[in-house]
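What follows is a short report on a single structure.
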Amino acid sequence: LSALENKLTEAELKAMLSGESDGNNAILAINSGAGGTESQDWASMLLRMYLRWGERNSYQTEVLDMQYGEEAGIKSATVLFTGDYTYGYLKAEIGVHRLVRISPFDSNKRRHTSFASVFVYPEVAEDVEIEIRDDDLKIDVYRASGPGGQGVNTTDSAVRITHHPTGIVVQCQNERSQHKNKASAMKVLRARLYEFEKEKKDEEKKAKEKEKKKIEWGSQIRSYVLHPYRMAKDLRTGVEMGNVDAVLDGDLGRFIEAYLLKVNVTA
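Residues in the sequence shown are numbered from 19 upward in steps of one, following the working numbering.
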């Protein structure tokens, strides 16, 4: 019966994923908030959580870019998730994620609150026309850096692309080949420009604007409390899970389902 129930739930979920880009692959970007090492460590915990979610659901994952923190954790990361409906599911994760815990970096063992933001873009198929003029791009190459700022390799293989008309900047330093990094950066740029144009159209007709909040550090979607009690709570749906360790290990199904149900009901 449980297998049948799972199939039903999956069928129901897919029926909800009828948005234009829901069936696409997803590009997920994590950025640490203010607070240095604390929030950078939290960003790396979120990265692990999403990679584990991908693994649990048999999706392919590829880290396209990672900017390491000075002491620990990461300043930012960009990951490509490949598989059916990855964008449809992961769009439920867009927003600010808040962690409350006793800090492992504080010798006085005080409680700290850390923030990191998550944004998700649909990967854009090659046959979708997106005009990118060479004149509008500034391409910089530089040496990739690893944890603690140390050089990962001795060649200028990392690539940063700036799109002047929109001010969008993307970077990729995960491959040793400059050519591969440039291709990955262009893939992310296409996704960002597609989303940018879509947002512009949405704003023009003021559609979907209630749900589409800009990410600000105030727009928290979920809190993960490790001290003084243990609880992960989604602030949009009210769904709570006491087993935070399972959540941080990629068990996000209940949160994603509840969000998709809520959005469908209010749509």
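Backbone N, C-alpha and C define an ideal beta-carbon position, used for all residues, glycine too.
Short Cβ contact (8 angstroms threshold) for residue i with residue j
{"i": "VAL176", "j": "VAL159", "result": "In the sequence as presented, Val is not what sits at residue 176; that position holds Ala. Contact: yes."}
{"i": "TYR105", "j": "ILE148", "result": "no"}
{"i": "ILE120", "j": "PHE137", "result": "no"}
{"i": "ARG74", "j": "GLY268", "result": "yes"}
{"i": "MET67", "j": "LEU278", "result": "no"}
{"i": "ASN192", "j": "LEU31", "result": "no"}
{"i": "ARG128", "j": "HIS245", "result": "no"}
is_contact[residue i, chain C] using C-beta, thresh 8 angstroms
{"i": "GLU111", "result": "Looking for chain C here will not work: only one protein chain is present."}
Through-space distance from residue j to residue i, alpha-carbon basis
{"i": "GLU229", "j": "THR173", "result": "Unreliable placement is indicated for GLU229, whose pLDDT of 44 sits below 50; the coordinate value is still reported in the next sentence. Their Cα atoms are separated by approximately 44 angstroms."}
{"i": "GLN238", "j": "ILE157", "result": "34 angstroms"}
{"i": "ARG70", "j": "GLU88", "result": "25 angstroms"}
{"i": "ARG210", "j": "GLU217", "result": "10 angstroms"}
{"i": "LEU266", "j": "SER50", "result": "16 angstroms"}
{"i": "THR27", "j": "THR79", "result": "24 angstroms"}
{"i": "SER39", "j": "ALA201", "result": "22 angstroms"}
{"i": "ALA90", "j": "LEU64", "result": "14 angstroms"}
{"i": "LEU19", "j": "LYS198", "result": "Any reading at LEU19 must be qualified, since the residue scores a pLDDT of 49, below 50, and its modelled position is unreliable; the value itself is stated next. Whole-angstrom Cα-Cα distance: 47 angstroms."}
{"i": "GLU144", "j": "GLY256", "result": "39 angstroms"}
Assigned exposure category for residue i - 16 Cβ within 10 Å defines buried
{"i": "ASN261", "result": "exposed"}
{"i": "VAL283", "result": "exposed"}
{"i": "TYR247", "result": "exposed"}
{"i": "VAL146", "result": "exposed"}
{"i": "LEU270", "result": "buried"}
{"i": "ILE179", "result": "buried"}
{"i": "ASN24", "result": "exposed"}
{"i": "ALA264", "result": "exposed"}
{"i": "ALA29", "result": "exposed"}
{"i": "GLY72", "result": "buried"}
{"i": "ILE45", "result": "buried"}
{"i": "ASN126", "result": "exposed"}
{"i": "SER195", "result": "exposed"}
{"i": "LYS109", "result": "buried"}
{"i": "LYS205", "result": "buried"}
Proximity winner among the options, relative to residue i (alpha-carbon distances)
{"i": "GLN58", "options": "HIS182, SER132, ASN43", "result": "SER132"}
{"i": "GLY185", "options": "LYS251, TYR86, ASP154", "result": "ASP154"}
{"i": "SER62", "options": "GLN85, ALA250, ALA52, GLY41", "result": "GLN85"}
{"i": "ILE92", "options": "ILE179, ASN24, ALA52", "result": "ALA52"}
{"i": "HIS281", "options": "GLY37, GLU28, GLU80, ASN24", "result": "Note that residue 281 corresponds to Val in the displayed sequence, not to His. The option with the nearest alpha carbon to VAL281 is GLY37."}
{"i": "GLY41", "options": "PRO140, ASP124, TRP60", "result": "PRO140"}
{"i": "GLN189", "options": "PHE214, ASP220, VAL114, ALA162", "result": "ALA162"}
{"i": "GLY164", "options": "SER94, LYS198, GLU144, TRP60", "result": "SER94"}
{"i": "ILE150", "options": "GLY54, PHE214, TRP60", "result": "PHE214"}
Residues near residue i in its chain [Cβ-Cβ closer than 6 angstroms; skip 5 each side]
{"i": "ARG208", "result": "VAL142, ILE148"}
{"i": "ALA47", "result": "THR96, PHE137"}
{"i": "TYR316", "result": "Because the chain here runs from 19 to 285, residue 316 falls outside it and cannot be looked at."}
{"i": "VAL118", "result": "THR131, VAL243"}
{"i": "TYR107", "result": "ILE274"}
{"i": "ALA250", "result": "TYR242, MET259, VAL262, VAL265"}
{"i": "ASP152", "result": "none"}
{"i": "ALA203", "result": "VAL177, ILE179, VAL188, CYS190"}
{"i": "TRP60", "result": "LEU117, SER132, ALA134"}
Same chain, Cβ closer than 8 angstroms to residue i, neighbours up to 5 away in sequence not counted
{"i": "ASP286", "result": "With the chain running from 19 to 285 in the structure shown, residue 286 is simply not present."}
{"i": "HIS182", "result": "ASP154, LEU155, LYS156"}
{"i": "ASN43", "result": "LEU98, PHE99, THR100, GLY101, THR104, TYR105, PRO140, GLU141"}
Same chain, Cβ closer than 7 angstroms to residue i, five either side skipped, listed in chain order
{"i": "ARG254", "result": "ILE239, TYR277, LYS280"}
{"i": "GLU56", "result": "SER121, PHE123, HIS130, SER132"}
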